[in-house]
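*Asks:*
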Amino acid sequence: MENIYVILICKKCRKSNILLENEVEDTKRDNKYLACAHCGSKKFVREKATNNIRDCMKERSYKRSGGALRQVE
Numbered sequence: 114m115e116n117i118y119v120i121l122i123c124k125k126c127r128k129s130n131i132l133l134e135n136e137v138e139d140t141k142r143d144n145k146y147l148a149c150a151h152c153g154s155k156k157f158v159r160e161k162a163t164n165n166i167r168d169c170m171k172e173r174s175y176k177r178s179g180g181a182l183r184q185v186e
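Residue 138 in our numbering sits at position 25 of the sequence shown, and the numbers go up by one each step.
1) Report the rounded CA-to-CA distance for alanine 119 versus asparagine 164, giving the unit in angstroms.
2) Measuring only the C-alpha atoms, how far is arginine 177 from lysine 145?
3) Please say whether alanine 162 and glutamate 269 have beta carbons closer to each other than 8 Å?
4) By DSSP, does isoleucine 166 sit in helix, in strand, or in coil?
5) Below 8 Å on the Cβ atoms is my contact criterion, and I expect serine 174 with valine 158 to pass it. Report the Cβ-Cβ distance as a whole number of Å.
Here's what the structure looks like:
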């Protein structure tokens with residue numbers, strides 16, 4: 114079975130970005146780049162790929178703020 118989610122850690126701000134694997138591949142195939150949603154950096158470290166979103170979220174702590182999930186440092 115193919116992995117659905119991928120965790121990318123920003124090298125600049127060290128925050129995680131959880132993205133869909135097929136969207137990451139499509140972006141790279143179209144010769145475009147990925148950027149951190151927090152600081153705008155283009156440099157990432159690929160941490161892990163998984164099928165379950167809960168596995169991605171276990172390693173970091175999150176807090177609900179106004180209906181949206183925010184990463185807590």
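For each residue, glycine too, the CB sits at the ideal point set by N, CA and C.
*Replies:* On the basis of the supplied data:
1) Taking the sequence shown and counting its residues from 1, the one referred to as residue 119 is at position 6. Taking the sequence shown and counting its residues from 1, the one referred to as residue 164 is at position 51. Here residue 119 is valine; the residue named in the question, alanine, does not match the sequence. Distance between the alpha carbons of valine 119 and asparagine 164: 9 Å.
2) By 1-based counting over the sequence shown, the position of residue 177 is 64. By 1-based counting over the sequence shown, the position of residue 145 is 32. Whole-angstrom Cα-Cα distance: 31 Å.
3) With the chain running from 114 to 186 in the structure shown, residue 269 is simply not present.
4) Here residue 166 refers to the residue found at position 53 when the sequence shown is read from its first residue. Reduced to three states, the DSSP call for isoleucine 166 is helix.
5) Mapped onto the sequence shown, residue 174 falls at position 61. Mapped onto the sequence shown, residue 158 falls at position 45. Actually they do not touch by this definition, with Cβ atoms about 19 Å apart.
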